[in-house]
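Numbering (the working numbering), first residue to last: 11 to 212. To start, the structure itself, in structure tokens.
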């Protein structure tokens with residue numbers, strides 16, 4: 011005679027196993043929430059930076075050899091405390107998005123309203139061959155009043171650069187006011203111009 015089958019329910023999995031099974035769902039939900047917040051943020055290229063509201067990092071970059079600018083060569087944190095708003099664009103000749111945004115940078119450099127406010131453009135050449143960077147600006151035009159070279163990427167790291175291109179709005183006292191990640195475009199230009207206007211205010 012055989013025993014009757016047991017009607018007892020199987021024991022629930024241990025808590026640790028339940029957590030491991032649920033982990034992918036938790037991660038997915040967190041990422042989905044982050045994407046929803048980003049979509050509703052209004053400015054898809056704006057990524058908060060730990061430097062916003064803080065002084066620019068200390069740095070002193072050598073000039074791009076052979077490039078003529080309207081100001082002495084090179085770029086340092088002292089240049090960003092000259093009492094006027096500065097746009098700092100981090101770029102490289104090998105960067106496709108930098109090529110895409112270059113005409114927009116040239117237009118900003120020629121903008122009479124910005125010039126009237128004393129706004130200047132400065133460039134940081136990021137991990138690029140000097141000869142290639144010089145040819146890039148020579149062929150496409152140079153929108154920058156000052157250009158410094160960052161061959162090691164150390165200054166980019168100090169600025170919290172994710173990847174080129176990135177553009178920073180720096181107040182006249184050297185405070186980082188705004189950070190734009192990615193290429194300047196018709197979609198991102200209004201937010202950048204608004205940041206410049208607010209940075210120039212009291």
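C-beta: ideal position from N, C-alpha, C; glycine also.
Backbone CA spacing between residue 80 and residue 130 [nearest angstrom]: The residue labelled residue 80 in the question sits at position 70 within the chain shown. The residue labelled residue 130 in the question sits at position 120 within the chain shown. Approximately 11 Å between the Cα atoms of the pair.
Inter-residue Cα distance where the pair is residue 48 and residue 169: Against the chain shown, residue 48 aligns to sequence position 38. Against the chain shown, residue 169 aligns to sequence position 159. Here the model assigns residue 48 a pLDDT of 42, short of 50, so the residue's position is not dependable, and the following value carries that caveat. Rounded to the nearest angstrom, the two C-alpha atoms are 22 Å apart.
Meets three-Cβ-pair contact criterion under 8 Å: the segment 80-96 and the segment 109-117: In the pairwise beta carbon analysis, the segment 80-96 is classified as not touching the segment 109-117: fewer than three pairs are separated by under 8 Å.
Ordered list of alpha helix (DSSP H) runs contained in the segment 81-156, each at least 4 residues: 106-120, 122-126, 140-150
Under the three-state DSSP convention, the category residue 160 falls into: Counted from its first residue, the chain shown places residue 160 at position 150. Strand at residue 160.
Validate contact between the segment 119-130 and the segment 159-169 using beta carbons, cut 8 Å, 3 pairs: no
Which of helix, strand or coil DSSP assigns to residue 187: Taking the chain shown and counting its residues from 1, the one referred to as residue 187 is at position 177. If DSSP states are grouped into helix, strand and coil, residue 187 belongs with the strands.
Rounded straight-line distance, which links the Cα of residue 186 to that of residue 61: Position 51 of the chain shown, counting from 1, holds the residue named residue 61. Position 176 of the chain shown, counting from 1, holds the residue named residue 186. Going from the Cα of residue 61 to the Cα of residue 186 covers about 6 Å.
Reference residue 161; option with closest CA among 177, 139, 175, 153: In the chain shown, counting from the first residue as 1, residue 161 sits at position 151. Looking at the Cα atoms, 139 is the closest of the given residues.
Three-state secondary structure assigned by DSSP to residue 198: Taking the chain shown and counting its residues from 1, one reaches residue 198 at position 188. If DSSP states are grouped into helix, strand and coil, residue 198 belongs with coil.
For residue 198 and residue 184, the rounded distance between their alpha carbons: Against the chain shown, residue 184 aligns to sequence position 174. Against the chain shown, residue 198 aligns to sequence position 188. The alpha-carbon atoms of residue 184 and residue 198 are separated by roughly 23 Å.
Euclidean distance between Cα positions of residue 143 and residue 105: The residue given as residue 143 occupies position 133 in the chain shown. The residue given as residue 105 occupies position 95 in the chain shown. If you take the alpha carbons of residue 143 and residue 105, they lie about 11 Å apart.
Among 134, 94, 71, 123, the one whose alpha carbon lies nearest that of residue 173: In the chain shown, residue 173 corresponds to position 163, counting from 1. Residue 173 has its Cα closest to that of 134, out of 134, 94, 71, 123.
Beta-carbon spacing of residue 98, residue 159 below 9 Å: Reading the chain shown from its first residue, position 88 is the one you call residue 98. Reading the chain shown from its first residue, position 149 is the one you call residue 159. In this structure, the beta-carbon distance from residue 98 to residue 159 does not fall below 9 Å.
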